[in-house]
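Undergrad: Note that the sequence shown covers residues 0 to 527 in numbering that gives the first Met the number 0. Each residue gets a CB set at the ideal place from its N, CA and C atoms; glycine is no exception. Keep in mind that this is a model prediction, so the values were computed, not measured.
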Amino acid sequence: MRRRTFMAAAAAQLAVPAVSRAAERTLKFVPQSDLAVLDPIWTTAYVTRNHGFMVWDTLYGQTGPANAFKATPQMVAGHVVADDGKSWTLTLRDGLLFHTGEKVLARDCVASIQRWAVRDAFGQALMARTDALTAPDDKTIVFKLKRPFALLPEALGHSYSNMCAMMPERVAKTDPFQQISEVVGSGPFRFIAKERVPGSFVSYQRFEQYKPCPTGKPDWTAGPKLVHFDRVEWHVIPDPATKANALQSGEVDWWEDPTSDLLPMFPKGGDVNVAIKDPTGECMVMRPNFLYPPFDNPAVRRALLGAIHQSEFMTAMMGTDKALWKVPCGYFPPGTPLASDASISALPSGPPDYAKVKAALNAAGYKGEKIVFMASTDQATLNALDEVANDVLKRAGLDLEYQATDWGSVVQRRSLRKAPADGGWNMFITGFAGLDLSNSAGDLPLCGNGKSAWFGWPTNPKMEDLRNAWFEASDLAAQKKIGADIQTEAFNSVPYFPLGFAYQPTAFRKDINDMMDGFAIFWNVRRS
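(1) In or out: F176 buried (at least 16 other Cβ within 10 Å) or exposed?
(2) Thinking G305 and P347 are a contact (beta carbons under 8 Å), I'd like their distance in whole angstroms, please.
(3) In the DSSP assignment, the alpha helix (DSSP H) including E555 goes from what residue to what residue?
(4) Mind checking which residues open and close the alpha helix (DSSP H) that includes H50?
(5) Quick one: Cα of S111 to Cα of F52, how far?
(6) So, with DSSP's three-state summary, where would you put Y209?
(7) For P461, is the classification buried or exposed, using 16 other Cβ atoms within 10 angstroms of its Cβ as the cut-off for buried?
(8) In three-state DSSP terms, what is V80?
(9) What does the alpha-carbon distance come out to for the pair Y330 and I485?
(10) DSSP beta-bridge partners for W233?
(11) Following the continuous beta strand (DSSP E) through T61, name the residue where it begins and the one where it ends.
(12) Among the candidates R526, K276 and M514, whose CA atom is the shortest distance from the CA of P217?
(13) Touching or not, the region 259-271 and the region 226-238, by the rule of three or more beta carbon pairs under 8 Å?
(14) Find out if the Cβ-Cβ distance for the pair R146, K85 is shorter than 8 Å.
(15) Where does the unbroken alpha helix (DSSP H) through P347 begin, and where does it stop?
(16) If you count every other CB in all the chains shown that lies within 10 Å of the CB of Q208, and 16 or more means buried, which is it?
(17) Where A362 and K393 are concerned, what is the direct C-alpha to C-alpha distance, given to the nearest angstrom?
(18) Evaluate contact between the region 191-201 and the region 126-143, counting only Cβ atoms and requiring at least three cross-stretch pairs below 8 Å.
(19) To the nearest angstrom, how far is it from the Cα of W87 to the Cα of F142?
(20) Spell out a yes or no on whether the region 500-513 and the region 288-298 are touching, meaning 3 or more CB-CB pairs, one atom from each, closer than 8 Å.
(21) With C-beta atoms as the reference, is T380 less than 8 Å away from T404?
(22) Could you check the C-alpha separation between G423 and Q402 for me, to the nearest Å?
(23) Which two residues bound the contiguous beta strand (DSSP E) that contains E400?
(24) Taking only beta-carbon positions, decide if Q204 is within less than 8 Å of chain B.
(25) For I343, which residues in the same chain have their Cβ closer than 6 Å to its Cβ, ignoring the five residues on either side in sequence?
(26) Does the Cβ-Cβ distance between D256 and T505 come in under 8 Å?
(27) Nearest CA to the CA of F121: which residue from H308, N438 and I481?
(28) Among M283, K102, N491 and I179, which residue has its Cα nearest to the Cα of S185?
(29) What did DSSP end up calling C282 once you bin it into helix, strand or coil?
(30) Using DSSP bridges, identify the partner residues of N448.
(31) K393 lies in the alpha helix (DSSP H); which residues open and close that run?
(32) For V271, list the residues DSSP reports as bridge partners.
Structure, rendered in C-alpha cells:
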C-alpha cells in the first residue's frame with residue numbers, strides 16, 4: 000500500500016459521524032495483522048487476545064515479572080479457601096456491568112469459565128481437578144475440587160491465550176469450538192462492530208461505566224485499568240514500509256511490531272521511541288499436523304529436526320543483532336526456571352547436513368507425500384521464517400506446496416481437521432510469548448490430549464502424564480526435574496519444531512507515555 004493510498008483510506012475511515020476526532024483523545028494503533036477472529040476462546044492468535052483484553056475483563060489479573068507474575072483480584076473482591084484447599088469461594092466486586100448495561104452475575108462467570116476451560120491448557124488442568132463449579136447466588140462462584148489446586152487464581156487470571164474472558168451467559172453458552180456472534184464484555188473498552196472494516200479497520204470506545212479494580216497499581220493485566228483515551232483505532236496496514244512512514248509522519252501513534260530492517264528509520268532522540276516492552280520475549284515454533292501423513296509418524300518428525308538450524312531462522316527474522324535473539328532454544332524459553340539442555344543436541348549446532356536429513360527421512364518412512372505449508376504474507380516476522388522454512392524443507396527433500404495468504408486466513412484455516420488435499424494443512428509457523436511457554440500450565444503446543452489439544456492435535460499420553468506430574472510437584476526443584484523430562488520427551492515426540500527465541504520491539508510516537516509492559520495493552524497509556 001502506498002502512503003497516498005493509506006492516507007485516503009484513513010480519511011475514509013475517520014469520516015464516522017457523531018464521534019469526536021480530537022487527536023489527543025484518539026489513539027491510532029497499527030496491529031500485527033488484521034483482526035480476523037473476534038473470539039478469544041476460539042483462537043489463541045495474539046491479535047485476538049489483545050482485542051480480548053480490551054473488551055472483556057477477567058476474574059484475576061496477572062502482574063509482570065517484577066512481581067513474579069502473581070495472580071491478583073480483578074473482577075473478584077477476594078476469595079476464601081476451605082476444606083483443606085478443596086473449596087474455593089470467589090466473590091465478585093460491586094459495580095461490574097456488561098457493555099449492554101446488564102449486571103455481571105456469577106452465573107455468567109460460571110458459563111464463561113466452563114467454555115474457556117475446554118480450549119485452554121491451564122483451564123483443562125483446573126477442570127480435571129474440579130468436582131463442581133456453581134453460582135449459589137449472583138455474586139458468588141464456588142469451586143469444589145477433587146484435590147487441592149493452589150494455582151486456581153493463576154489459571155483464571157493468566158494473560159496468555161486463551162484468556163479466561165467473562166462473557167454474558169447467553170454468549171458463553173456458545174459451543175467452544177464455534178465462534179461467538181456477539182461481542183459484549185465488561186472490560187474498559189466497547190468494540191464498535193458497525194465500524195469494523197475487515198482487513199482494514201477496527202475501533203473501540205471507552206466504556207464510561209467501567210469501574211477499575213480499586214486496589215493495587217497498574218501492572219501487566221493486574222491492578223486498576225485506567226483509560227485515558229476516549230477512542231482507540233486499529234489501522235491494518237499490510238506493508239511494513241508504509242507502517243513505518245505512517246508512524247514517522249504522525250499519521251498513527253503506535254506500531255505494534257516493527258521489523259528489524261526498518262528500525263534504523265527511528266533514531267534515538269527522534270519523534271519515535273523504540274522499546275522492548277515484553278521482557279519474556281517470543282518463542283517461534285513450526286507446528287506439524289499429527290492427523291495426516293507424513294507428520295503422524297514420530298520418526299519423520301525426529302528426522303526433520305536435523306534440518307532446523309535456529310540461527311538461520313532467527314537471523315532472517317530479527318537480523319544479525321544477537322541482542323534481539325537467542326539460540327539454542329528448547330521447549331522452554333531461555334532464562335526461565337524450566338529451561339534446560341536436556342536432549343538439545345537433537346538440534347544441529349551448525350548448518351544442516353541435508354544429505355543426512357534426507358537419508359534419515361527416507362529411513363523414517365517418508366514416502367514423498369505433499370506437504371501443504373501455510374505461510375502468512377502480512378506479518379513480516381512470520382513471513383521471514385516462512386521463507387526460510389520453504390527453502391529448508393525443500394532442501395531436506397520434502398515435496399512442499401507453499402501456500403501464502405494473510406495471517407487471518409491462516410488462523411481460520413488451522414482449525415480445520417480436513418485432509419491437506421481437501422483444504423486442510425500439514426504445517427505452519429507462529430510464535431508464543433515466552434511467558435506462555437515458561438511452564439507446563441500454559442505451554443499449549445506441548446499438550447498431547449488429542450482432539451482437545453491445540454491445532455495439530457497430537458495424542459501423547461506420556462506427555463500428559465508428565466504435565467500432570469508437574470502440577471503435583473512439591474517444589475521448584477521437582478518442577479525443574481520434570482521440566483527436563485518433558486523436554487526430553489518433546490525432542491522424542493516433537494510436538495513442534497522450536498525455531499528460536501526473539502525479543503520483539505515496539506515503536507510509538509514520543510508523546511505516547513506510560514505504556515504498560517507486556518503485550519499491546521491500551522489502559523494506563525496516555526498522550527503527553
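TA: On the basis of the data shown:
(1) Numbered from its first residue, the sequence shown carries residue 176 at position 177. Exposed, by the Cβ-count rule.
(2) As a working note, residue 305 is residue 306 in the sequence shown. As a working note, residue 347 is residue 348 in the sequence shown. Sure, about 6 Å apart at Cβ, within 8 Å.
(3) The question about residue 555 has no answer here: the residues shown for the chain are numbered 0 through 527.
(4) Here residue 50 refers to the residue found at position 51 when the sequence shown is read from its first residue. From DSSP, the alpha helix (DSSP H) with H50 extends over Y45 to V54.
(5) For the purposes of this step, residue 111 is taken as the residue at position 112 of the sequence shown. For the purposes of this step, residue 52 is taken as the residue at position 53 of the sequence shown. Those two C-alpha atoms are separated by around 15 Å.
(6) In the sequence shown, the residue the question calls residue 209 occupies position 210. It is coil, neither helix nor strand.
(7) Taking the first residue of the sequence shown as position 1, residue 461 is located at position 462. According to the sequence as given, residue 461 is Lys; it is not Pro. Per the 10 Å Cβ criterion, exposed.
(8) In the sequence shown, residue 80 corresponds to position 81, counting from 1. Reduced to three states, the DSSP call for V80 is strand.
(9) Position 331 of the sequence shown holds residue 330. Position 486 of the sequence shown holds residue 485. About 8 Å.
(10) As a working note, residue 233 is residue 234 in the sequence shown. In the DSSP output, where bridge partners are listed per residue, W233 has F28 and V201.
(11) The residue labelled residue 61 in the question sits at position 62 within the sequence shown. First, the residue type needs correcting, since residue 61 is Gln and not Thr in the sequence shown. Its beta strand (DSSP E) spans residues Y59 to Q61.
(12) As a first step, residue 217 is located in the sequence shown; it is residue number 218 there, counting from the start. That would be M514, whose Cα lies nearest to the Cα of P217.
(13) no
(14) One-based indexing of the sequence shown puts residue 146 at position 147. One-based indexing of the sequence shown puts residue 85 at position 86. Yes, the Cβ-Cβ distance between R146 and K85 is below 8 Å.
(15) The count along the sequence shown starts at 1 and reaches residue 347 at position 348. No alpha helix (DSSP H) contains P347, which DSSP labels as neither H nor E.
(16) Residue 208 sits at position 209 when you count from the first residue of the sequence shown. Looking at its Cβ environment, which holds fewer than 16 other Cβ atoms inside 10 Å, Q208 is exposed.
(17) Translated into the one-based positions of the sequence shown, residue 362 becomes position 363. Translated into the one-based positions of the sequence shown, residue 393 becomes position 394. When rounded, the distance between both Cα atoms is 17 Å.
(18) no
(19) For the purposes of this step, residue 87 is identified with residue 88 of the sequence shown, where counting begins at 1. For the purposes of this step, residue 142 is identified with residue 143 of the sequence shown, where counting begins at 1. So the alpha carbons of these two residues sit roughly 5 Å apart.
(20) no
(21) Taking the sequence shown and counting its residues from 1, the one referred to as residue 380 is at position 381. Taking the sequence shown and counting its residues from 1, the one referred to as residue 404 is at position 405. Cβ distance not < 8 Å, so T380 and T404 don't count as in contact.
(22) The residue you call residue 423 lines up with position 424 of the sequence shown. The residue you call residue 402 lines up with position 403 of the sequence shown. Each residue's alpha carbon lies about 11 Å from the other.
(23) As a position in the sequence shown, residue 400 is number 401, starting the count at 1. Counting along the chain, the beta strand (DSSP E) containing E400 begins and ends at D398 to T404.
(24) No chain B is present in this structure, which holds just one protein chain.
(25) To locate residue 343, count along the sequence shown from 1; it is residue 344. Contacts found: P327 and G329.
(26) By 1-based counting over the sequence shown, the position of residue 256 is 257. By 1-based counting over the sequence shown, the position of residue 505 is 506. Their beta carbons are under 8 Å apart, which means D256 touches T505 by this criterion.
(27) Along the sequence shown, read from residue 1 onward, the residue named residue 121 stands at position 122. For F121, the nearest C-alpha among the options comes from N438.
(28) On the sequence shown, residue 185 is found 186 positions in, with the first residue counted as 1. If we check each option's Cα against that of S185, K102 comes out closest.
(29) Numbered from 1 along the sequence shown, position 283 holds the residue referred to as residue 282. Three-state DSSP puts C282 in a strand.
(30) Numbered from its first residue, the sequence shown carries residue 448 at position 449. According to DSSP, which records beta bridges pairwise, N448 is partnered with T458.
(31) One-based indexing of the sequence shown puts residue 393 at position 394. Counting along the chain, the alpha helix (DSSP H) containing K393 begins and ends at A379 to R394.
(32) As a position in the sequence shown, residue 271 is number 272, starting the count at 1. Partner(s): R508.
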